[in-house]
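These notes concern the structure reproduced below.
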Amino acid sequence: MTGGSAVEMKSPVEEDLFPMPRDGVGDVSDLLSLLRQKEKELDLAAQLGKALLSETQELKEHNHQLQERFSRTVEDLEQEKHEWRLRFEGKESEWEARVAELENDLQRLECELERRHRALQEADRDKIHSVQELREQNHRLLERLSKAAVMEQELTSELHSLRERHRDRSQLLIEDATTTHSLQAEVALLSEQKEELERRGAVLLRENVSLKSSSETRQEQLSLLQRVHQEQFLQLSLWQKEGEEMRELNRQLEVRLREVTEQLMMQEPTQANLSLLSEIELSLDTDSPSWGAERQQIKGEIVDLVQELQSLMGEDSPETGSHMEPQTLHAALSQLRHLVCSLSQSPATPVHVQGSRLVLRQESEQAAGRLEEQTGDQRLQQAVHERDAAIAKKNAVEAELAQCHLDLQLLNSQLLEAIQQKVGLSQELEAWQDDMHVVINQQLKTQQCSGRAAWAPGDNGSEGRDSKSLSHFLRRTKSQGFFSLFKM
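Here you go:
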């Protein structure tokens, strides 16, 4: 067979593989070279397909590993979320118990205030009753003074009549000697009366000496009252200083409260670039340095106030040492509340009032004794003078008592205001922490939903693109940290 017939007897496969005109093939060598070239291309295509299949298998295995890692990460996040929820529930129950305890303390303080108010009303009634008794006693003294004046007038008239009778009898003695015996008897009677008057004079002298001694004792009591008044004045000045210090402390607390509220209001979305881990450390960790320092500072201020109140009440210094220092803020507040109650329950003013009443009664008895030995005008002047002095003393004691009550009420109100402000500040911090809990839970839910939607498996045509984006995501999270996903 010739070359042309060999070319014409090609197989159908060769005709399909090389669909070219028969006239274009010059000879058999060209056809063989084309066949070798096509075989090489087929080998290269087969090798490329095998490589692509192996790479596809590796990518599938890598994708499976990434999905397992993602599921483990999601499980860890769920476990952490459950732990945070448990901690939140524990904190919520603790704060509810604390709020209930504070409400009980408030009710107890209201009852104590009502009892104090009733005691003050009873003291006012006792004061009004004592004033009424003094008025009645003064009225009785005036009546006795008027009776003594009437008796004095009667005695003077009787003395004048006796003198006239004695003069008449002396004149009759010259005229009638028979009346001498009767006159001698009258003289004897008069001598007896004289002796009686002398004895009464001696008794009056002794009473005068006793009155002088009582006057000296009254002067000593007056000096003692003056010293007590000076001590009370010094104590009042100390209370005023303590009140000024507490007002300054109240102003400082108000300034701090305003600063905290301004800081809370100024927290704008500029802090959105903080990670979820940093937000949790800053908001929910109660052992953070800022809140711990602030709590220690508040506790230190309350301890200083407790020590000042204990020194004001006159307690011993060892009780206020470092071994008796309260360990918590709640214990310090309870100790401060206990000191306020004990300070309000130990007033020293009723003792001074009773002492002043006893002094006034003694002075009234002494005045009644002096009235018996003085004349009418002198008795009246002395009674008026002593009445004015007694009224002035009573007014001074009442004014001092009212001032002490006012200072004590002011001190109690300032202490209650400071405690209420600190409680309000702690409540605001608790509310802020609750808000942060809610925001963090919402962010976690949103990020979980978005993560599940983003990592849902796609179609077969997008597997390569998904694997590339997943590897890029893992590299980015590895370099930046896993919690950078939850940035606001």
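The numbers in the UniProt record's numbering rise by one with no breaks, and the one at position 26 of the sequence shown is 26. Beta carbons are placed, not taken as given, at the ideal position from N, Cα and C, and that holds for glycine.
Handout entry: Distance CB(Glu114)-CB(Gln232) smaller than 8 angstroms
Key = no
Practice task
With a 10 Å radius around its C-beta and 16 neighbouring C-beta atoms as the bar for buried, classify Ser317 as buried or exposed.
Solution key: In this predicted model, Ser317 has a pLDDT of only 40, less than 50, meaning its place in the structure is not dependable; the value taken from the coordinates is given anyway. When all chains shown are included, Ser317 counts as exposed.
Practice task
Can you say whether His437 is buried or exposed, counting buried as having 16 or more other CB atoms within 10 angstroms of its CB?
Solution key: buried
Handout entry: Sequence-distant residues of the same chain with beta carbon closer than 6 angstroms to Val353, five excluded per side
Key = Because the pLDDT at Val353 is just 40, under 50, the model does not fix this residue reliably, and the point stays unresolved.
Problem - Proximity below 8 angstroms, CB of Gln414 to CB of Arg144 - result: no
Exercise for the section: Check each candidate in Ala402, Gly201, Trp432 and name the one with the smallest Cα separation from Gln121. Expected result: Ala402
Practice task
Note down the Cα distance separating Ala97 from Lys91, rounded to an integer number of angstroms.
Solution key: 10 angstroms
Practice task
Measure from the alpha carbon of Asp407 to the alpha carbon of each residue in Gly424, Gln235, Val439, then state which is nearest.
Solution key: Gln235
Exercise for the section: With distances taken Cα to Cα, identify the nearest neighbour of His166 among Glu152, Met151, Gln153, Ala185. Expected result: Ala185
Handout entry: C-alpha distance - Leu83 paired with Gln240, whole-angstrom precision
Key = Checking the displayed sequence, the identity of residue 83 turns out to be Glu instead of Leu. So the alpha carbons of these two residues sit roughly 53 angstroms apart.
Practice task
May I have the straight-line CA-CA distance separating Glu428 from Arg85, to the nearest angstrom?
Solution key: 21 angstroms
Problem - Local Cβ density within 10 Å of Ile440, reported as buried at 16 or more and exposed below that - result: buried
Practice task
Return helix, strand or coil for Thr270, following the three-state DSSP convention.
Solution key: Reliability of the predicted coordinates at Thr270 is poor, the pLDDT of 37 falling under 50, and the value obtained from them is presented with this limitation in mind. Note: Thr270 maps to helix in three-state DSSP.
Exercise for the section: Whole angstroms is fine: what's the gap from Ser5's alpha carbon to Ala51's? Expected result: The predicted model places Ser5 with a pLDDT of 37, which falls under 50 and marks its position as unreliable; any figure quoted below should be read in that light. Whole-angstrom Cα-Cα distance: 43 angstroms.
Practice task
Determine, using beta carbons only, whether Arg102 and Val423 come nearer to each other than 8 angstroms.
Solution key: Per the sequence shown, the amino acid found at residue 102 is Leu instead of Arg. Cβ atoms of Leu102 and Val423: closer than 8 angstroms.
Practice task
Can you grab the Cα-Cα spacing for the pair Gln421 / Ala396, in whole Å?
Solution key: 37 angstroms
Handout entry: For Arg452, the nearest candidate out of His229, Ala431, Thr73, Glu112 (CA to CA)
Key = Thr73
Problem - Environment of Ile419 [buried if 16+ CB atoms lie within 10 Å] - result: buried
Handout entry: Nearest-angstrom Cα separation, counted from Glu216 out to Thr156
Key = 34 angstroms
Handout entry: Span separating the alpha-carbon of Leu205 from that of Glu154
Key = 24 angstroms
Problem - Leu444 vs Lys40 beta-carbon contact at 8 angstroms - result: no
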